[in-house]
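As they're listed, the protein sequences go chains B and S.
For the first sequence, the working numbering gives the first residue as 1, with consecutive numbering after it.
For the second sequence, the working numbering gives the first residue as 1, with consecutive numbering after it.
The C-beta atom is built at its ideal place from N, Cα and C for all residues, glycine as well.
Below is one structure, written out as structure tokens; the observations come after it.
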Amino acid sequence: MKHTPTYGSKYRNVSPSKPNPRWGREEETEIFAQNVRRFRQGKLSEDDFRRFRLQHGAYGSRLQLNYSMVRIKIPGGEISPEQLEKIADLSESFSIGSAHVSTRQNIQLHWVQLEDVSEVMRGLVEVGLTTREACGNTVRNVMCSHYAGVCPDEAFDATPYSKAIARFFIRNPMCQNLPRKFKINFACCKDHGLVRIADIGLIPMIRDNRRGFRIYLGGGLGAASFIGHPLEDFTPEDRVLPTCMAAVRLFDRHGNRENMARNRMRYLVHEMGWEKFQRMVLKERSIVEMTTAISTAKLFDVKDLEGVNQSNETTLSHSLTKLPVLNDNVTPDSTKYERWLSTNVVPQKQAGYFTVFVTLEAGDITANQLRTLAGTIREISFEGVARNTPQQNFAIRYIKGEDLEEFHDKLMSIGLGGSGALTITSAVGCSGTTSCNLAITNSHRLAKEVQRKFLEMGYDTDEELRDSTIKVSGCPNSCGQHEIATIGFFGGASRIGNSMAPTYTMLFGGSAGENGELGKTIMRVPARKVIDTIKEIVKIYKNEMHVGQTLNQWITRVVKGEGTGQVRNVEDMKRLLIEVTQLPPVESEPELYKDYGNDVKFTAKTARGECAA
Amino acid sequence: MKNNPDNSNSLKQKEFKPNIINSNDRDLPVICDIDILRTLIRRDSARIVDVRKEEEYREGHIPTAVSLPLAQILSKDSPESIVEILENIGVSDKMPVIVYDDTFGALGARVAWTFQYVGHTNTSLLEVTFSKWRNLGLEIEKKVNTYPKTAHHININQEIYADAAYVEGAKESDNKVLVDSRERLNFLNEHIPGAKNIPYTMLGSDGNILRKPSEIKRFIENRGLSSDSEYITYCGSVGTLSGLTYYALKLVGIKNVKLYAKSFREWKSLGKPKEEFRDANYWDLSAE
Numbered sequence: 001m002k003h004t005p006t007y008g009s010k011y012r013n014v015s016p017s018k019p020n021p022r023w024g025r026e027e028e029t030e031i032f033a034q035n036v037r038r039f040r041q042g043k044l045s046e047d048d049f050r051r052f053r054l055q056h057g058a059y060g061s062r063l064q065l066n067y068s069m070v071r072i073k074i075p076g077g078e079i080s081p082e083q084l085e086k087i088a089d090l091s092e093s094f095s096i097g098s099a100h101v102s103t104r105q106n107i108q109l110h111w112v113q114l115e116d117v118s119e120v121m122r123g124l125v126e127v128g129l130t131t132r133e134a135c136g137n138t139v140r141n142v143m144c145s146h147y148a149g150v151c152p153d154e155a156f157d158a159t160p161y162s163k164a165i166a167r168f169f170i171r172n173p174m175c176q177n178l179p180r181k182f183k184i185n186f187a188c189c190k191d192h193g194l195v196r197i198a199d200i201g202l203i204p205m206i207r208d209n210r211r212g213f214r215i216y217l218g219g220g221l222g223a224a225s226f227i228g229h230p231l232e233d234f235t236p237e238d239r240v241l242p243t244c245m246a247a248v249r250l251f252d253r254h255g256n257r258e259n260m261a262r263n264r265m266r267y268l269v270h271e272m273g274w275e276k277f278q279r280m281v282l283k284e285r286s287i288v289e290m291t292t293a294i295s296t297a298k299l300f301d302v303k304d305l306e307g308v309n310q311s312n313e314t315t316l317s318h319s320l321t322k323l324p325v326l327n328d329n330v331t332p333d334s335t336k337y338e339r340w341l342s343t344n345v346v347p348q349k350q351a352g353y354f355t356v357f358v359t360l361e362a363g364d365i366t367a368n369q370l371r372t373l374a375g376t377i378r379e380i381s382f383e384g385v386a387r388n389t390p391q392q393n394f395a396i397r398y399i400k401g402e403d404l405e406e407f408h409d410k411l412m413s414i415g416l417g418g419s420g421a422l423t424i425t426s427a428v429g430c431s432g433t434t435s436c437n438l439a440i441t442n443s444h445r446l447a448k449e450v451q452r453k454f455l456e457m458g459y460d461t462d463e464e465l466r467d468s469t470i471k472v473s474g475c476p477n478s479c480g481q482h483e484i485a486t487i488g489f490f491g492g493a494s495r496i497g498n499s500m501a502p503t504y505t506m507l508f509g510g511s512a513g514e515n516g517e518l519g520k521t522i523m524r525v526p527a528r529k530v531i532d533t534i535k536e537i538v539k540i541y542k543n544e545m546h547v548g549q550t551l552n553q554w555i556t557r558v559v560k561g562e563g564t565g566q567v568r569n570v571e572d573m574k575r576l577l578i579e580v581t582q583l584p585p586v587e588s589e590p591e592l593y594k595d596y597g598n599d600v601k602f603t604a605k606t607a608r609g610e611c612a613a
Numbered sequence: 001m002k003n004n005p006d007n008s009n010s011l012k013q014k015e016f017k018p019n020i021i022n023s024n025d026r027d028l029p030v031i032c033d034i035d036i037l038r039t040l041i042r043r044d045s046a047r048i049v050d051v052r053k054e055e056e057y058r059e060g061h062i063p064t065a066v067s068l069p070l071a072q073i074l075s076k077d078s079p080e081s082i083v084e085i086l087e088n089i090g091v092s093d094k095m096p097v098i099v100y101d102d103t104f105g106a107l108g109a110r111v112a113w114t115f116q117y118v119g120h121t122n123t124s125l126l127e128v129t130f131s132k133w134r135n136l137g138l139e140i141e142k143k144v145n146t147y148p149k150t151a152h153h154i155n156i157n158q159e160i161y162a163d164a165a166y167v168e169g170a171k172e173s174d175n176k177v178l179v180d181s182r183e184r185l186n187f188l189n190e191h192i193p194g195a196k197n198i199p200y201t202m203l204g205s206d207g208n209i210l211r212k213p214s215e216i217k218r219f220i221e222n223r224g225l226s227s228d229s230e231y232i233t234y235c236g237s238v239g240t241l242s243g244l245t246y247y248a249l250k251l252v253g254i255k256n257v258k259l260y261a262k263s264f265r266e267w268k269s270l271g272k273p274k275e276e277f278r279d280a281n282y283w284d285l286s287a288e
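So, in structure tokens, the structure goes:
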């Protein structure tokens, strides 16, 4: 049976209960167009224009400031079919015919001519989307775990809270000129969500039958990364907004405005010391609570604005519906559908419903794929919306078991029926030298190459590799989140012999979630040897593992120096990998000294980053 | 599009009043809307030209249309041959001619431009593709139409034509705008020095070969370009995509537009200078 899901669906606990706010504003598109003209006429200085442009979500493109990367915010990661279709049209008209899912639940359109950015914004406003404060020194897109609302381990659905926080801070005068960008991430449970690598990370909890969160502060990835600190055991829901406001206010007041390289809140926390910062936040929160007007506090009324079902009845079904697998032992020779079922589909806490992941390559999706995906969501998902994930895929939820095969057929018809979304093969890659000024290497293409190669080798069907992740950044700045990967890489340039070569620094043992840890640096690997090196690691692991130990578990032990056999620690690992990471002389293999996607000699070219403008 | 208030601004389109349809000396608008075409069909007072492949024409076409695949025009592109083609499909000097395709207007545009180039000014492009016509449930017939041969004068319109030498000379002038109609990545990769990129993908919407004139006008104004300038359009190979751009610019009332029909393919084969951008791996962003 099919139905057309509508917002405010009568299906109990099928979110969203209300349509997303209309984030965009038409007048901003006109102002943007005017300012582009004023800038071109020399009436607006380059610095002023850059600040304005970033505040409105348009990032300069790699060594070509006449083009922008337009970053569309998807607060909470929730996006409707209508919005997907509009993005498809806009990417075709003004961008490159593909859109790109970022690691922070944005959707990016690349290589948009600066003069057309206002046209993209105009189209986005029509469907309620915005690019406002997607870049610049503002509160960036507020993330929420794509499992929120369907996760068997969650206390309650955090989605409405993430949207309420997003709505409170967007265009709010208190965060229009922060020392640096500010990131807020909501989780559903301790395992899903990036709570410890954000300025503010929140995990829903219930205490004494009251809703609230555990809040982490001062985390973040970058050239220097920190794991967030827990503020207190439990923060009741009515103190969530004051806590966030307190952190933003302290950062605004005390953050470093001089040194752009060290001005995220995590540096403030680090330099001041956590205990001191913690005391200041708690004190500031009391001040906020005493001085905030009721009308201001009302802007964060989750109940009123999101129609949240306040019942704390959390888990609907403790025994999850089993996947309708036909064959428990999936191999590379299984049918495409079986393989996809085992790597891209998970049961929800709602009996009979599944969440399906759409495998993209490094987050790229064409306009036509977006359109068909939108139609399929409308037709088959009982929730009727998509969520984009920090793994650069789409999660489509509330799919009935009997509709899974049809859903897969639809995906196959547009080339998106590939497997591996929840496995090691689904490599993350930032945009790298495809569009970013800061990038040194083509991390984007490398992530695609890794995914293709390992799918071809059937790594996605290997249960022991399944919980490992591979993430690639094109520079040390961590947009590819390499520090929370089982095996992470960030790009650089090295002199090898008498020639420069693109290389990656490899990290081991990073993880996300409440107990997340940052990866440890292992060694440098030439770009063209990354795939061979990962294959070698898997080979060594297969020789050294204990029965039942996954690759991820094994690597974590090695990083802690608790390995056994030939690989007790990182030093042993390095020794075993030296051979595979060597390049022959440039004269004999010049191709290995070039980066992916380049037919010319490698040179590290970068320009000024704009994150910190 | 007919009653669109956009047409009444300063860059106004030629007014077309259905009550003078029988008067053969009246020019068609740049883009012909469905209503006008249906009236013309009823009165049998225009020649409708289907530029799709002949097989497609045989499966069904707009009533009274003749088949004239684009390849036929491209294979014999001397003005004399084009005039002969017009004569063979029964077009006389003043007869309204409406061209359509099923390729978002680009093939039709190239044919319509060619007719105008050899002197058949009263040529217009249908506002929709054949698919949209069919999806709207409008009349379709399968009959293969032929018409008695007519005489047609040749009157070359150099005003709308540009060759490589002309394009090269245009660089020197501030008042000439070179427009590259190819998609963004092709343009980034290489283009004629000084060209502005208006990808053909910006021009159409929802089966209409061109957007509202107000939108196209805004795109041009956003780029800081003046409608008083002379525009020269080009694309990758034979002037189809840039043919559509030619009509988009005409639609918003720009007087002086030329098509460099042999486009970038010829430019490259002549070894003319190019602007290239190699500092980014933008091709790897495409999910194609």
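#1: Can a CB atom of chain B be found closer than 8 Å to the CB of S:S286?
#2: Report the rounded CA-to-CA distance for S:S92 versus S:T123, giving the unit in angstroms.
#3: Is the region 398-417 of chain B touching the region 463-480 of chain B, taking contact as three or more C-beta pairs under 8 Å?
#4: So, under 8 Å CB-CB, S:S286 and B:I107 are touching, yes? Tell me the CB distance rounded to an integer number of Å.
#5: Quick one: list the residues of chain S neighbouring B:H100, beta-carbon separation under 8 Å, in chain order.
#6: Between S:C32 and the rest of its own chain, which residues show a CB-CB distance below 6 Å, the 5 nearest in sequence each way excluded?
#7: Quick one: is B:V195 buried, meaning 16 or more other Cβ sit within 10 Å of its Cβ, or exposed?
#8: Would you please verify whether the beta carbon of B:G97 is less than 8 Å from any beta carbon of chain S?
#9: Is there contact here, the region 247-257 of chain B with the region 280-297 of chain B, by at least three beta-carbon pairs under 8 Å?
#10: Which runs of the beta strand (DSSP E), 3 residues or longer, sit entirely within the region 142-194 of chain B?
#11: With DSSP as the reference, please indicate the residues paired to B:T235 in a beta bridge.
#12: For S:S286, which three-state DSSP category applies?
#13: Decide yes or no for the touch test of the region 412-428 of chain B against the region 334-341 of chain B: beta carbon pairs closer than 8 Å, at least 3 of them.
#14: Rounding to the nearest angstrom, what Cα-Cα distance links B:G136 and B:E610 in this structure?
#15: Mind reading off the beta-carbon distance from B:T130 to B:K73? Whole number of angstroms is fine, and I expect it under 8 Å.
#16: Quick one: Cα of S:N208 to Cα of S:N135, how far?
#17: Could you give the DSSP three-state label for B:D89: helix, strand or coil?
#18: Counting only runs of 3+ residues fully inside the region 11-67 of chain B, write out the beta strand (DSSP E) ranges in chain order.
#19: Give the DSSP bridge partners of S:D163, in chain order.
#20: Is B:G420 helix, strand or coil when you go by DSSP?
#21: So, helix, strand or coil for S:E55, using DSSP?
#22: Spell out the partners DSSP gives S:N197 in its beta bridges.
#23: Taking 7 Å as the cut-off, does the CB of B:T366 come closer than this to any heavy atom belonging to the ligand GDP?
#24: Who are the near neighbours of B:R531 in its chain, counting only those whose CB is closer than 7 Å to its CB and skipping five residues on each side?
#25: In terms of alpha-carbon separation, which member of B:D301, B:P332, B:I537 and B:N329 lies closest to B:F168?
#26: Assuming contact is defined by CB atoms lying nearer than 8 Å, are B:E483 and B:L221 in contact in what I supplied?
#27: Between S:G224 and chain B, is there a C-beta pair that is closer than 8 Å?
#28: Name the residues in the region 197-209 of chain B whose C-beta lies less than 8 Å from a C-beta of chain S; which are they?
#29: Taking 8 Å as the cut-off, does the region 108-119 of chain S touch the region 54-62 of chain S (at least 3 CB pairs, one atom from each stretch)?
#30: Over what stretch of residues does the alpha helix (DSSP H) that includes B:Y267 continue unbroken?
#31: Under 8 Å, with one C-beta from each stretch per pair, do the region 486-503 of chain B and the region 557-572 of chain B reach the 3-pair mark?
#32: Going by DSSP, what residue range makes up the beta strand (DSSP E) through S:P29?
#33: Quick one, which residues of the region 164-181 of chain S are near chain B if we go by CB-CB under 7 Å, in chain order?
#34: Step through the CB atoms of chain B and report whether any lies within less than 8 Å of the CB of S:F104.
#35: Pick helix, strand or coil for B:Y596, following the three-state DSSP scheme.
#36: Please list, in chain order, the chain B residues whose beta carbon lies closer than 7 Å to that of S:L188.
Quick answer:
#1: Residue mapping note: residue 286 of chain S aligns to position 286 of the second sequence, counting from 1. Yes - at least one Cβ of chain B is within 8 Å of the one on S:S286.
#2: Here residue 92 of chain S refers to the residue found at position 92 of the second sequence. Here residue 123 of chain S refers to the residue found at position 123 of the second sequence. Taking C-alpha positions only, S:S92 is separated from S:T123 by approximately 12 Å.
#3: These segments do not touch.
#4: Counting from 1 along the second sequence, the entry for residue 286 of chain S is found at position 286. Counting from 1 along the first sequence, the entry for residue 107 of chain B is found at position 107. Actually they are not in contact, since the Cβ atoms of S:S286 and B:I107 sit about 16 Å apart, beyond 8 Å.
#5: On the first sequence, residue 100 of chain B is found 100 positions in, with the first residue counted as 1. Those within 8 Å of B:H100 in chain S are L285.
#6: In the second sequence, the residue the question calls residue 32 of chain S occupies position 32. Cβ within range, chain order: I98, S124 and L126.
#7: Within the first sequence, numbered from 1, the residue matching residue 195 of chain B stands at position 195. When all chains shown are included, B:V195 counts as buried.
#8: For the purposes of this step, residue 97 of chain B is taken as residue 97 along the first sequence, with counting starting at 1. It does; some Cβ of chain S falls within 8 Å.
#9: With the cut-off at 8 Å, the region 247-257 of chain B and the region 280-297 of chain B touch.
#10: 184-186
#11: Locating residue 235 of chain B in the first sequence gives position 235, counting from the first residue. DSSP output for B:T235 lists B:F213 as bridge partner(s).
#12: Against the second sequence, residue 286 of chain S aligns to sequence position 286. S:S286: coil per DSSP, three-state reduction.
#13: yes
#14: Taking the first residue of the first sequence as 1, we reach residue 136 of chain B at position 136. Taking the first residue of the first sequence as 1, we reach residue 610 of chain B at position 610. The alpha-carbon atoms of B:G136 and B:E610 are separated by roughly 8 Å.
#15: Against the first sequence, residue 130 of chain B aligns to sequence position 130. Against the first sequence, residue 73 of chain B aligns to sequence position 73. Contact holds; Cβ gap of about 6 Å.
#16: Start at 1 with the first residue of the second sequence, and residue 208 of chain S comes out as number 208. Start at 1 with the first residue of the second sequence, and residue 135 of chain S comes out as number 135. Their backbone Cα atoms lie some 12 Å apart in a straight line.
#17: For the purposes of this step, residue 89 of chain B is identified with residue 89 of the first sequence, where counting begins at 1. Note: B:D89 maps to helix in three-state DSSP.
#18: 58-61
#19: Here residue 163 of chain S corresponds to residue number 163 of the second sequence, with the count starting at 1. Answer by DSSP bridge pairing: none, since S:D163 is not bridged.
#20: Here residue 420 of chain B refers to the residue found at position 420 of the first sequence. Coil at B:G420, not helix or strand.
#21: What you label residue 55 of chain S is simply residue 55 of the second sequence in a count that begins at 1. Helix.
#22: Stepping through the second sequence from its first residue, residue 197 of chain S is reached at position 197. DSSP lists S:D180 as partners of S:N197.
#23: This structure simply doesn't include the ligand GDP, nor any ligand for that matter.
#24: What you label residue 531 of chain B is simply residue 531 of the first sequence in a count that begins at 1. It should be noted that the sequence gives Ile, not Arg, for residue 531 of chain B. So the qualifying residues of the chain are E449, V450 and K453.
#25: Along the first sequence, one-based indexing puts residue 168 of chain B at 168. Looking at the Cα atoms, B:D301 is the closest of the given residues.
#26: As a working note, residue 483 of chain B is residue 483 in the first sequence. As a working note, residue 221 of chain B is residue 221 in the first sequence. The answer is yes: Cβ separation under 8 Å.
#27: Reading the second sequence from its first residue, position 224 is the one you call residue 224 of chain S. Closer than 8 Å to some Cβ of chain B, the Cβ of S:G224 qualifies, so yes.
#28: none
#29: no
#30: The count along the first sequence starts at 1 and reaches residue 267 of chain B at position 267. According to the DSSP assignment, B:Y267 belongs to the alpha helix (DSSP H) that extends over M265 to M272.
#31: no
#32: As a working mapping, residue 29 of chain S is identified with position 29 in the second sequence. Segment: none, S:P29 is in no beta strand (DSSP E) and carries neither H nor E.
#33: none
#34: Taking the first residue of the second sequence as position 1, residue 104 of chain S is located at position 104. For S:F104, the answer is no, since every Cβ of chain B falls outside 8 Å of its Cβ.
#35: For the purposes of this step, residue 596 of chain B is taken as the residue at position 596 of the first sequence. It is coil, neither helix nor strand.
#36: The count along the second sequence starts at 1 and reaches residue 188 of chain S at position 188. By Cβ distance, chain B contributes W111.
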